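Numbering (the working numbering), first residue to last: 1 to 149.
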């Protein structure tokens with residue numbers, strides 16, 4: 001089991017992440033990890049990509065992530081990824097951990113990122129499929145706090 005405390009960029013807000021086996025708790029919300037790579041660590045930057053999905057879109061959304069090209073794992077500064085299904089609610093969390101925020105930003109500018117998001121904005125993209133997304137995804141960047149729990 002690992003517990004880490006995250007501090008949101010430019011605020012004093014913190015959020016606790018607890019991972020045990022195929023379950024992860026982010027703040028007060030509980031998730032089942034459906035895809036993962038790497039190990040969560042007590043240092044670096046964590047990005048929470050929050051993706052609200054309609055009930056009827058869950059299967060299609062999960063299939064897209066389970067069949068992803070998995071290029072992010074080879075990016076410099078990458079530590080871990082958790083694709084997490086909500087046990088309550090409708091917002092999936094894709095947690096990625098990086099050695100630094102700069103490593104995350106470099107990935108956003110990479111060919112691997114472009115490849116992973118190549119269908120976005122097209123008729124094949126989940127963002128255009130009205131049966132999948134409930135609202136627009138968003139992400140938040142955190143630093144792992146030096147205060148271990």
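Every residue gets a Cβ at the ideal spot worked out from N, C-alpha and C, and that includes glycine. Please read all numbers here as calculations on a predicted model, not as lab measurements.
{"Asked": "Rounded separation between residue 110 and residue 75 - CA only", "Found": "9 Å"}
{"Asked": "Beta-carbon separation (whole angstroms), residue 90 vs residue 52, contact threshold 8 Å", "Found": "5 Å"}
{"Asked": "Residues bridged to residue 132 (per DSSP)", "Found": "DSSP output for residue 132 lists no bridge partner at all."}
{"Asked": "Unbroken alpha helix (DSSP H) run spanning residue 60, endpoints", "Found": "58 to 66"}
{"Asked": "DSSP-derived helix/strand/coil call for residue 43", "Found": "coil"}
{"Asked": "Segment contact, 8 Å Cβ cut-off, at least three pairs: the segment 63 to 74 with the segment 18 to 33", "Found": "no"}
{"Asked": "Whether residue 33 touches residue 82 by CB criterion (8 Å)", "Found": "yes"}
{"Asked": "Per DSSP, the bridge partner or partners of residue 98", "Found": "45, 78"}
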